[in-house]
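Chemist:
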Amino acid sequence: MKCTLFCLLSGDGMTKLIMESSSLVILNYLLAKVFYTSTIYHIHTGDLVSFQFEEHEAVFPITIKQPLLPVLYNMGTSVSSHVTVITKTFLRYPQLKVLLSSIRRFYSDIEVIIADDSFETEHITGEHIRQYIMPPAQGWFAGRNLAVSQVTTKYFLWVDDDFEFTEGTKIEKLVEVMEAHPELDVVGGTVKGNQFYFSLLYDEGEEMEGGCLYRKSKGRFHSLSGYPKCFMASGVVNFFLARTQAAQQVGFDPKLQRVAHSEFFIDGLGSLMVATYSHVSIGHQPKFKHYQMGVAHDKIMGGKLLIRRVACKPV
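UniProt numbering applies: residue 1 is where the sequence shown begins, and numbers increase by one.
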């Protein structure tokens, strides 16, 4: 920074910069040219800068952050270029086939990804269908992780393998909400009329006692501008549209094998913006009377998990 006969400048490039001038115009000009440079490399940190003028002092924070490279998607005009449908299946091929048939009734060319950890796998064929065979009984969230990892579109639509697309399954409406509100990461719909959603409140508590997580069923916040039937929440039902990049950053804990859903939103608390929308729905197939084969955990022996196959009771 250059100086003139009307000012005195010292400390340029140091941790303390002093400016003196008899002209307020020149002083303001010099202040407008000041910029901060971090000398210690860090991808995300901060600093405090103190500004003093006569008897006045102000302290303001500075964020030091490495800019992120944008993730670019090939955005076509059809919903199939925006969204991939993903699901996880285990021993429910009859239901899976009903789901796939219902998808094709309404979306003939949308990509479908299936994560399959069944004991005896059945090859699923068809255009725009990708089936990924996993080791047996890896679990619910391991399958979600696999499916999401293969998505190449901006969004994915999560559905259970026993759901069924209906006239009310309008993926376009969910995409419309997400595009209108780019801060959103997840938008859930309703399953057979059930608009399940909840709010979360995390109290960090004292250092020695630990925190507490409060969950309120049917808890929600304000509605979205332009969409009075769409409300902010902390978690939604297991039928939702999500931004692929945001969901991948949170991930699904593979230790949760048999029962898991809300845990994804708990892990994403503070990073995922979630909403629930009653105008988009999906059907649920009648309960299957029996599984072809069940799985039960016996015990852990010698550090290995022993698994036995058992017949499941009719539901």
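For glycine and all other residues, C-beta sits at the position ideal for the given N, C-alpha and C. Predicted model only: the values in this text are computed from it and were never measured.
(1) According to DSSP, E57 sits in a beta bridge with which residue or residues?
(2) Is P110 buried or exposed, if buried means 16 or more other CB atoms sit within 10 Å of its CB?
(3) Let me make sure I understand the geometry here. Which of F35, E164, I113, N145 has the alpha-carbon closest to that of K192?
(4) Do T244 and F141 have their CB atoms nearer than 8 Å?
(5) Does DSSP classify Y36 as helix, strand or coil?
(6) Between the C-alpha atoms of T153 and T39, what's the straight-line distance to the nearest angstrom?
(7) Taking the continuous beta strand (DSSP E) assigned at I110, which residues delimit it?
(8) Which residue marks the beginning of the alpha helix (DSSP H) containing T244, and which one marks its end?
(9) In the structure shown, what three-state DSSP assignment does V148 receive?
(10) May I have a chain-ordered list of the beta strand (DSSP E) segments no shorter than 3 residues that lie completely inside the segment 191 to 239?
(11) How big is the Cα-Cα spacing for V59 and V79?
(12) For K88, tell me which candidate among V274, R144, V112 has the shortest Cα-Cα distance.
(13) Give the single residue among D160, S281, I103 whose Cα lies nearest to the Cα of residue 391.
(14) What do you get for L305, buried or exposed, if any count of 16 or more other CB atoms within 10 angstroms of its CB means buried?
(15) Quick check on DSSP: helix, strand or coil for I86?
(16) So for F265, helix, strand or coil by DSSP?
(17) Quick one, which of Y277, I18, Y132, L9 has its alpha-carbon nearest Q195's?
(18) DSSP puts M75 in a beta bridge; with which residues?
(19) What number of angstroms, rounded off, separates the C-alpha of W158 from the C-alpha of G210?
(20) If you follow the alpha helix (DSSP H) that V175 is in, where does it begin and where does it stop?
(21) Kindly indicate which three-state DSSP category K65 falls into: helix, strand or coil?
(22) Quick one: what does DSSP say I124 is sitting in, helix, strand or coil?
(23) For residue 319 versus Y202, is the C-beta spacing smaller than 8 Å?
(24) For the candidate residues E172, V112, E57, whose alpha-carbon lies nearest to that of T125?
(25) Rounded to the nearest angstrom, how far is the Cβ of V186 from that of F240, given a contact under 8 Å?
(26) State the Cα-Cα distance for the pair residue 332 and A246, rounded to the nearest angstrom.
(27) Return the chain-ordered list of same chain residues with a C-beta closer than 7 Å to the C-beta of H82, the five sequence neighbours on each side being excluded.
(28) Within the continuous alpha helix (DSSP H) that includes Q184, where are the two ends?
(29) In the structure shown, what three-state DSSP assignment does G283 receive?
(30) Excluding the five sequence neighbours on either side, which residues of its own chain have a C-beta within less than 6 Å of the C-beta of T169, listed in chain order?
(31) So, using beta-carbon positions, are M273 and E183 closer together than 8 Å?
(32) Roughly how far, in whole angstroms, is the beta-carbon of I133 from the beta-carbon of L100, given that I think they are within contact range, below 8 Å?
Modeler: Judging by the given coordinates:
(1) Within the DSSP bridge table, the entry for E57 names Q52 as partners.
(2) Sequence inspection shows Ile at residue 110; the Pro mentioned does not correspond to that position. Classification of I110: buried, given that the 10 Å Cβ count is 16 or more.
(3) For the set F35, E164, I113, N145, the Cα lying nearest the Cα of K192 is the one of E164.
(4) Cβ atoms of T244 and F141: not closer than 8 Å.
(5) Looking at Y36 - three-state DSSP - the assignment turns out to be coil, as it is neither helix nor strand.
(6) When rounded, the distance between both Cα atoms is 39 Å.
(7) Note, I110: premise wrong, no beta strand (DSSP E); not H, not E.
(8) Its alpha helix (DSSP H) spans residues 244 to 250.
(9) In the structure shown, V148 falls within a helical segment according to DSSP collapsed to helix, strand and coil.
(10) Entirely contained in the segment 191 to 239, the beta strand (DSSP E) runs reaching 3 residues are, in chain order, 197 to 203, 212 to 217, 227 to 233.
(11) Their backbone Cα atoms lie some 49 Å apart in a straight line.
(12) Closest option to K88, judged by alpha-carbon separation, among V274, R144, V112: R144.
(13) Past the edges of the chain, shown from 1 to 315, lies residue 391, and the structure says nothing about it.
(14) Unreliable positioning characterises L305 in this predicted model, as indicated by a pLDDT of 38, which lies under 50. A coordinate reading is not provided.
(15) Of the three classes helix, strand and coil, the one that applies to I86 here is strand, per DSSP.
(16) In the structure shown, F265 sits in a helix (DSSP, three-state: H, G or I).
(17) For the set Y277, I18, Y132, L9, the Cα lying nearest the Cα of Q195 is the one of Y277.
(18) M75 pairs with nothing; no bridge assigned.
(19) So the alpha carbons of these two residues sit roughly 33 Å apart.
(20) Here the alpha helix (DSSP H) through V175 covers 171 to 180.
(21) In the structure shown, K65 adopts extended strand secondary structure according to DSSP, grouped into three states.
(22) Three-state result, I124: coil.
(23) There is simply no residue 319 to check, as the chain begins at 1 and stops at 315 in what is shown.
(24) Out of E172, V112, E57, V112 has the C-alpha closest to the C-alpha of T125.
(25) Confirmed, about 5 Å.
(26) Residue 332 lies beyond the stretch modelled for the chain, which goes from 1 to 315, so this question has no answer here.
(27) Counting only Cβ-Cβ distances below 7 Å, and skipping sequence neighbours, we find M75, T153, K154, Y155, V175.
(28) Note that residue 184 corresponds to Leu in the displayed sequence, not to Gln. L184 -> no alpha helix (DSSP H), and no H or E assigned at all.
(29) Three-state DSSP puts G283 in a strand.
(30) Contacts found: I282.
(31) In this structure, M273 lies near E183, with their beta-carbon atoms less than 8 Å apart.
(32) Contact between I133 and L100 does not hold, since the beta-carbon distance rounds to 16 Å and is not under 8 Å.
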